[in-house]
Amino acid sequence: MPLPTRILARSRALQQRAESFLPGGVDSPVRAFRAVGGDPPFVERAEGAFLWDVDGNRYLDFFGSWGPMIQGHAFPPVVEAIQNAATRGASFGASHAGEANLAELVQRCFPSIEKLRFVSSGTEACMSAIRLARGFTGRKFVLKFEGCYHGHADALLVKAGSGVATFGIPGSAGVPEETAMHTLALPYNDLAAVEQAFATHPGQIACIIVEPVVGNAGTILPATGYLEGLRALATEHGALLILDEVMTGFRLSLGGAQELFSIRPDLTTLGKIVGGGLPVGAFGGRAEVMDFLAPLGPVYQAGTLSGNPLAMAAGISQLQHLIDHADVIYPKLEATTKAIATGVEALAHAAGIPLTTNRIGSMFTWFFTGQPVNDFEDAATSDTAAFARFHRAMLDAGVWLPPSQYEAAFISTAHGTDEIEFTLAAARQAFSL
Ligand SMILES: *Cc1c(COP(=O)(O)O)cnc(C)c1O
Numbered sequence: 218m219p220l221p222t223r224i225l226a227r228s229r230a231l232q233q234r235a236e237s238f239l240p241g242g243v244d245s246p247v248r249a250f251r252a253v254g255g256d257p258p259f260v261e262r263a264e265g266a267f268l269w270d271v272d273g274n275r276y277l278d279f280f281g282s283w284g285p286m287i288q289g290h291a292f293p294p295v296v297e298a299i300q301n302a303a304t305r306g307a308s309f310g311a312s313h314a315g316e317a318n319l320a321e322l323v324q325r326c327f328p329s330i331e332k333l334r335f336v337s338s339g340t341e342a343c344m345s346a347i348r349l350a351r352g353f354t355g356r357k358f359v360l361k362f363e364g365c366y367h368g369h370a371d372a373l374l375v376k377a378g379s380g381v382a383t384f385g386i387p388g389s390a391g392v393p394e395e396t397a398m399h400t401l402a403l404p405y406n407d408l409a410a411v412e413q414a415f416a417t418h419p420g421q422i423a424c425i426i427v428e429p430v431v432g433n434a435g436t437i438l439p440a441t442g443y444l445e446g447l448r449a450l451a452t453e454h455g456a457l458l459i460l461d462e463v464m465t466g467f468r469l470s471l472g473g474a475q476e477l478f479s480i481r482p483d484l485t486t487l488g489k490i491v492g493g494g495l496p497v498g499a500f501g502g503r504a505e506v507m508d509f510l511a512p513l514g515p516v517y518q519a520g521t522l523s524g525n526p527l528a529m530a531a532g533i534s535q536l537q538h539l540i541d542h543a544d545v546i547y548p549k550l551e552a553t554t555k556a557i558a559t560g561v562e563a564l565a566h567a568a569g570i571p572l573t574t575n576r577i578g579s580m581f582t583w584f585f586t587g588q589p590v591n592d593f594e595d596a597a598t599s600d601t602a603a604f605a606r607f608h609r610a611m612l613d614a615g616v617w618l619p620p621s622q623y624e625a626a627f628i629s630t631a632h633g634t635d636e637i638e639f640t641l642a643a644a645r646q647a648f649s650l
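Residue numbers for the sequence shown follow this note's numbering, so the first one is 218 and each next one is one higher.
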């Protein structure tokens, strides 16, 4: 395969400069392109479905800031909301109307969220939800699933997905065994394993936390009855069910995976889309559980920038637009994603390349494996070298996929017919190399 022909001289220079100040030149590991090779383009600006790098190259974006950009980059209503809010002050450290306004929109989409609290990231949302579940139940153990990523809080960095899976890190250094010993990591889509865990630790499991559709091992769908089974087992054993919808919330439908699959969790964690691209996370659910939080209850949780006015304004604008146009937006996302995901899959198969496509709504993954992918072990059968070659070829053709086999790709409403054709042409070229 020929080496990429794109000139990334300025990006390379900026990467070198960044490396002298930032470990690996990045603030989040998978941005470094270690898993796929080549130079990571440095972004100059983004608009709609496209990113432009500092070398003047344009890329069709398939990671959408890892999820938030469901309506494309620099979406005008969100830009305007942020600009207006900024003129009134960037942060107050005191209450303002925007917090309840965004909370009300969230609740309209997620009826299971009776009360919620805003934080600044998905990591914080999941970490806080776990603490709350432990405080509410008075139990220690947390049940999670292999390949699911719930942010990088110590207790959740056990067999985690995303960058942890990408770099093959079994559990992070710096997390004491004593911290991780109350986290049980089980295979996804295996209810018998969950039953077994409850039997082994009777009355000790505080919560089950799960990505209802896994995105952080690449996209993996729940088997029929799996989520219902988790709900039933949690209820039966007095544990809380936490659906981590940081990725799926407002993406699979307005009400996330829980609306799609009709599952009512005790707690939900949100992030990404809810902040319109600004740093926001949230966790919420049953009022009696949420009222365990300080200042009402004994579980402490706080944040200097929580409920930040710019972030609330961006979130309100993004959610209001999604709510107002949901009947157009979600079917369009579905149709575009289907055309791209199945179109590229057909090209791969025509070229004799084994490829398994997992897709739901506007998230999908092309796994370079010949077998179905229903859990992390299946995902790990992927030929990551073949994925890396594909990634480089697509990037060279102007299509920027998430730079790891173990990440979901995302489509926005800014992706349309031209973008479908552009992607298929790029893939045709990539597979023929
Ligand atoms: C991205 C993600 C997180 C972590 O959110 P950050 O904002 O990156 O801290 C947690 N859970 C899921 C399911 C995610 O996709």
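The C-beta atom is built at its ideal place from N, Cα and C for all residues, glycine as well.
Beta-carbon proximity check, residue i vs residue j, cutoff 8 Å
i	j	result
PHE467	PHE353	no
ARG348	GLN518	yes
PRO294	ASP592	no
LEU444	PHE415	no
THR486	GLY498	yes
ILE425	LEU447	yes
ALA625	THR340	no
LYS361	ALA314	no
ASP244	CYS343	no
PRO429	PHE478	yes
ALA298	SER534	yes
GLU374	GLY388	The question names Glu, but residue 374 in the sequence shown is Leu. Contact: yes.
ALA390	TYR623	no
ARG325	GLY501	no
HIS632	ALA266	yes
ILE637	GLY560	yes
ASP272	ALA226	yes
GLN288	SER629	yes
ARG609	GLY254	yes
ALA504	LYS332	yes
Euclidean distance between Cα positions of residue i and residue j
i	j	result
ALA642	ASN318	44 Å
ALA303	VAL491	18 Å
ARG481	ASP270	43 Å
LYS489	ALA647	30 Å
MET218	THR601	Confidence at MET218 is low in this model, with a pLDDT of 46, below 50, so the placement of that residue is unreliable and no value is reported for it.
THR441	LEU322	30 Å
LEU457	GLU264	41 Å
ARG645	GLY242	33 Å
LEU268	THR396	40 Å
PRO285	ALA567	33 Å
ALA372	VAL359	8 Å
PHE581	SER599	15 Å
Three-way DSSP call (helix, strand, coil) for residue i in this model
i	result
MET398	coil
HIS632	coil
LEU469	coil
MET218	Model confidence at MET218 stands at a pLDDT of 46, short of 50, so the residue's coordinates are unreliable; what they give is reported in the following sentence. Coil.
ASP461	strand
TYR276	strand
LYS555	helix
THR383	helix
THR304	helix
ASN318	helix
THR640	helix
HIS290	strand
ASP592	coil
PHE500	strand
VAL271	coil
GLU624	coil
GLU476	helix
Burial state of residue i, where buried means 16 or more other Cβ atoms lie within 10 Å
i	result
SER337	buried
THR573	buried
THR554	buried
ILE224	exposed
GLY432	buried
SER329	buried
THR206	Absent from the model: residue 206. The displayed extent of the chain is 218 to 650, so no value can be given.
ASN525	buried
ASP595	buried
LYS376	buried
LEU564	buried
Inter-stretch contact at 8 Å, needing at least 3 Cβ pairs: the stretch 490-504 / the stretch 375-383: no
Validate contact between the stretch 275-291 and the stretch 610-628 using beta carbons, cut 8 Å, 3 pairs: yes
Stretch-stretch touch, CB-based, cutoff 8 Å, three pairs: the stretch 531-543 with the stretch 462-479: yes
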